[in-house]
Amino acid sequence: MNPSLSYLRKAVTVVGAWLLAILWISPLLFAFWAAFHNPEDAIHFDLTAPLTLGNFVEAWNQAPFPRYMLNTFLLVTGLLAAQMILATLAAYAFARFNFVGGGIAFSLILVQLMITPEILIVENYATIADLGLADSLTGIGLPYAASAFGIFLLRQTFKSVPRELDDAARMEGCGTLGILWRVYVPLAMPTYLAYGLVSISHHWNNFLWPLVVSNSVETRPLTVGLAIFGAPESGVDWSIVSAATLMSVAPLLIAFLLFQRQFIRSFMASGIK
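Numbers 50 to 322, taken from our numbering, label the letters of the sequence shown in order.
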């Protein structure tokens, strides 16, 4: 290949990557700018404009963000615990046991990966209402408690574990659950961490289903609370809305900045792309 042509392709790739990165991060950069400036300076981009923290104070006082954050934390942690337990047990069964209908059952799980949750909103809401769980954190999380993606990911990881380790664990006196806990779970830790990050980020930012189910401050997560806070009917102050947005994404953003190396290593080890 012509060296000049190869260099040109590389340069185009680098420039294109930078342009896409700038385009992707530009809304966040604007949110940072507006959140730390007065409303009259938010859209002028005057580098000499004074900074202020008043927008954060105003946003914190105008809406019950502490309650929204607590709801989101309880929802995300509860869902993650349920998904980890159910996905681990199901993946272990599919990876190491032969039972009648196992192939069909796993095929049905794979089919769920092709069905977006939004398609089932009406049916899920009818079921949640029949169970008396509408307007509750349990009702928001229940449809996501069993994750087809988590089962598939852990099954593939468990199948890569040598069966000789099972035999060694049985010789040490471990039963079925003992083997799962002492052999498979520790070896799958990178996969657990990678999947946990995917689950947390998804459900922290999930909006449509919580919007349908939650009707009160006691159950609204951050996404729904932020949407109501920034509704045009109440008047839009972009500086205050930007400050509220930063408060909502701050936990995930700080966690990524602190542990980005561990995050990347876990994704590479688990094979998630």
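Glycine is no exception: its CB is placed at the ideal position from the N, C-alpha and C atoms. None of these values were measured; they are calculated from a predicted model.
Beta-carbon separation (whole angstroms), W287 vs P88, contact threshold 8 Å
Correct: roughly 7 Å between the Cβ atoms.
From the DSSP output, in three-state form, read off L100 for me.
If DSSP states are grouped into helix, strand and coil, L100 belongs with the strands.
Using a Cβ-Cβ cutoff of less than 8 Å, which residues in the same chain neighbour P159 once the five nearest sequence positions on both sides are dropped?
The identity of residue 159 in the sequence shown is Leu, whereas the question assumes Pro. Excluding positions up to five away in sequence, the list reads A197 and F201.
Close-in-space but distant-in-sequence residues of the same chain around W253 (CB under 7 Å, 5 per side omitted)
Counting only Cβ-Cβ distances below 7 Å, and skipping sequence neighbours, we find T121, V125 and L301.
Extent of the continuous alpha helix (DSSP H) run through A144
Run containing A144: F114 to R145, per the alpha helix (DSSP H) assignment.
Residues of its chain near L214, where Cβ-Cβ distance is below 7 Å and the 5 sequence neighbours each way are ignored
The answer, listed in chain order, is V232.
Rounded C-alpha distance that separates A218 from F105
As the crow flies, the alpha-carbon of A218 is around 55 Å from that of F105.
L68 versus L306 - alpha carbon distance:
Approximately 22 Å between the Cα atoms of the pair.
Exposed unless 16 or more other CB atoms sit within 10 angstroms - verdict on I289:
With 16 or more other Cβ atoms within 10 Å, it is buried.
Which residues in the same chain as I228 place their Cβ atom closer than 6 Å to its Cβ, once the five residues preceding and following it in sequence are excluded?
Same-chain partners within the cutoff: D215 and A218.
By the DSSP assignment, the alpha helix (DSSP H) with E221 in it spans what residues?
According to the DSSP assignment, E221 belongs to no alpha helix (DSSP H), since it is labelled neither H nor E.
Suppose you measure from the CA of A183 to the CA of I168; what does that come to, to the nearest Å?
Those two C-alpha atoms are separated by around 19 Å.
Starting from H86, follow its DSSP beta bridges and name the residues at the other end.
Secondary-structure assignment with DSSP links H86 through a beta bridge to L100.
Rounded Cβ spacing between A194 and L242 (contact assumed at less than 8 Å):
Contact doesn't hold; Cβ gap of about 20 Å is too wide.
Quick one: is V273 buried, meaning 16 or more other Cβ sit within 10 Å of its Cβ, or exposed?
Looking at its Cβ environment, which holds 16 or more other Cβ atoms inside 10 Å, V273 is buried.
Contact between the region 105-119 and the region 261-270: three or more CB pairs below 8 Å?
These segments touch.
Return the first residue and the last residue of the alpha helix (DSSP H) that G152 is part of.
Taken as a continuous stretch (DSSP letters only), the alpha helix (DSSP H) holding G152 covers G151 to Q161.
Rounded to whole angstroms, what is the Cα-Cα separation between G181 and V262?
Between the C-alpha atoms of G181 and V262 there is a straight-line separation of about 11 Å.
Measuring only the C-alpha atoms, how far is A293 from L275?
Spanning the two alpha carbons is a distance of roughly 7 Å.
Rounded Cβ spacing between W82 and A70 (contact assumed at less than 8 Å):
W82 to A70, Cβ: 18 Å. No contact.
I'd like to check one pair, L203 with A108: are the Cβ atoms closer than 7 Å?
Going by C-beta atoms, A108 is not nearer than 7 Å to L203.
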